[in-house]
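To start, the structure under review is shown below, and the notes come after it.
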Amino acid sequence: MDEDQKYIGKKEKFSYGLAAVGSYMIANVIASYLQIFLTDILIVSPVFILVLMVAARFWDMANDPIMGIVIDKTNTPKGKMRPYIKVGAFLIFGVALLMFLPISGAPAWLKMVFAAVMYLAFDTAYTIVDVPAMGLMSVATPNGKERASLLSFYVTIGSIGTVLPIGLMAALGSFIPETWIYFAIAAITGVIIFTGYMLLYRNSKERFAMHSEKVRVRDMFKTAIKNKPMLLTLLTSMIAAPRYLIMLAAAYIATYVISIPGMSSDTVLLLLYVVVGGGMFVGILITPAIYKKIGYKRTSILFGIVGGVFLTATFLAGYTNYFVALPLMCIGGLALGAYNVLPYPMVGDSLDYLEWKTGNRMEGVCFSLNSFVTKFNNAIGAIMLSVGIIVFQFRQPEVSGVPLPQTEFTLNGLFAMVTLIPAIFFFISIIPMAFNKFTGKNRERILQELSQRRAFASVVADEYSESEGGAAEGAQNPAENHI
């Protein structure tokens, strides 16, 4: 195969980009605003929120792998993955419109039922659309370099979606009431994500697929767990899951912890997102260049150290010393960006290892596991935030949208959740990546062997096709065999 040949056109790439923006937007809206919407607008019990987050994880354990199995068992004229993107686009659009309805005047039981149903519905809809969208990139092109470039493009452009809700909050907050601002942001996000995924469905193609023998469902996961590079990558990401606290708790930090003279809490929140999001965005931009130069493994370890060191320094500086704390947190944000980028190309890269080891790629199962880990990380952050609110004795508003003052113990605890706790787990996450051997010369050797196998299989397939064609021709013209 010619490594210089390109398969993905501008229209298709744009569709991937818009889908990524919408996907990252809705994920960030849920991650950043759902808990404070439940505690401060609906005034739902933090204990109930904790139970909901834990229960949702059990559903996650089922729906992500199920989706991966469904994809790997699907074979339609529209492809294995594209049909689910179309269905998922409609579902997630509907959920986005309903998720943040401010039914603050409803009975407590109804608000809890509403929150539970909508959160589980979002989780399901996101799985239906995200797993095939990620898997689609692995079969969009047989060119490995173009595939890696597409994955990096998806994550990089998608990162724009993480900051758009912040801009919407700043733009709409001055004339939309506090109780309706989250609904407005979610509705706009729903339109964007629906448009992006429908364009992706229309403009994408599944160009490359391994035609391997059929595998039983139970054997799919037996095969997938042989993908050691993928497992180490996902374990690294899972250990560092408390990093999600930084963005999840930002609204609480802006409302209750950091007070800057002359700034409203909305402005402080915008500043926090600019500071941390700026560092994260730079991390997203520079990570591909770094891993191309020093490899995935060293890049992951490097940013694990950066996150651990600078977030620890932020905690030591203290939340009242914001002139020092905010720049340190910005540098720590580099690690957030890197850890957001790395799993996607690393899981995509690991499919070559799995094919080399087993003869099967299992795109659906592997990317469903990656999607599961992403949502697991968000869930760990959300659960830790719920636990922190309880442990650090957070005082909920008595009137919807009217915050109460907090104790010093609560303020220090909330600040630790966005600095010291993520820092500790960044350091720990370095350990599994140290055992990743799919790198350097060993990786080059495996890829070379795999390329030779593919070339041999292609030659055999061509010869078989020619022999079958000749036999068929002879069968149609039996007299010619005697000439």
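Quick note: to get the working numbering, add 189 to the position in the sequence shown (first position is 1).
Ideal placement from N, C-alpha and C gives every residue a C-beta, glycine not left out.
Is residue i near residue j, with beta carbons less than 7 Å apart?
i	j	result
G570	Y445	no
N392	S539	no
Y386	I274	yes
F237	M307	no
L340	Y480	no
A285	G347	no
M256	I572	no
D455	G356	no
L574	A438	yes
V210	I349	yes
V457	I435	no
N625	K486	yes
I579	P235	yes
S327	E638	no
A304	L227	yes
A376	L500	no
A220	N567	yes
M427	C555	no
Have a look at residue i and residue j and give me their C-alpha separation to the nearest angstrom.
i	j	result
Y196	E395	11 Å
G521	F504	11 Å
T509	P354	27 Å
I617	F247	25 Å
Y213	L600	29 Å
M323	L388	15 Å
Q582	G484	44 Å
N670	N264	The predicted model places N670 with a pLDDT of 39, which falls under 50 and marks its position as unreliable, so this point remains unresolved.
F279	L287	13 Å
A443	G294	26 Å
T608	I260	39 Å
A502	P621	24 Å
I317	E367	32 Å
Y528	G467	15 Å
S338	S640	20 Å
V513	E633	44 Å
K262	D249	20 Å
L423	T488	15 Å
V498	I370	36 Å
F342	A605	33 Å
G333	I635	14 Å
K199	P331	17 Å
Y222	T384	22 Å
S401	F203	Note on S401: pLDDT 46, under 50, position unreliable in the model; no value is reported.
V240	L421	29 Å
V576	P431	12 Å
D253	D319	10 Å
G268	E201	16 Å
Pop quiz: residue i and residue j are said to be a contact at Cβ under 8 Å. What is the actual Cβ separation, rounded to whole angstroms?
i	j	result
I225	S589	Their Cβ separation, rounded to whole angstroms, is 12 Å, which puts I225 and S589 out of contact at 8 Å.
F470	G526	6 Å
P291	F364	That pair is no contact at about 16 Å.
Y542	F627	5 Å
F282	A429	About 31 Å; that fails the 8 Å criterion.
V352	Y462	7 Å
P592	D312	In fact, because the Cβ distance is near 28 Å, the residues do not count as touching under 8 Å.
V530	V344	5 Å
I215	I382	5 Å
L517	A506	6 Å
Y390	R550	Wrong, their Cβ atoms sit about 22 Å apart, outside the cutoff.
Y441	L603	6 Å
Step through the CB atoms of chain C and report whether any lies within less than 7 Å of the CB of residue i.
i	result
I490	Of the chains in the structure shown, none is chain C; there is only one protein chain.
With respect to the alpha helix (DSSP H) encompassing residue i, which residues constitute its N-terminal and C-terminal limits?
i	result
R550	Unbroken run through R550: none, as it is neither H nor E.
F133	Any answer about residue 133 is impossible in this case: the structure gives the chain only from 190 up to 672.
P477	S454 to I483
Y528	Y511 to V530
G324	A297 to S327
Q224	K199 to I225
N601	E597 to M606
S341	G333 to L361
P418	K417 to I428
F364	Counting along the chain, F364 falls outside any alpha helix (DSSP H), and DSSP gives it neither H nor E.
P611	L609 to M622
I435	L434 to L437
| task | Report yes or no: do three or more beta-carbon pairs, one from the stretch 539-552 and one from the stretch 487-494, lie closer than 8 Å? | result | The stretch 539-552 is not in contact with the stretch 487-494.
| message | Three Cβ pairs or more, each shorter than 8 Å: is that satisfied between the stretch 574-588 and the stretch 450-469? | response | Output reads no: the stretch 450-469 does not touch the stretch 574-588.
| message | Would the stretch 458-472 count as touching the stretch 637-646 if we require 3 or more Cβ pairs under 8 Å? | response | no
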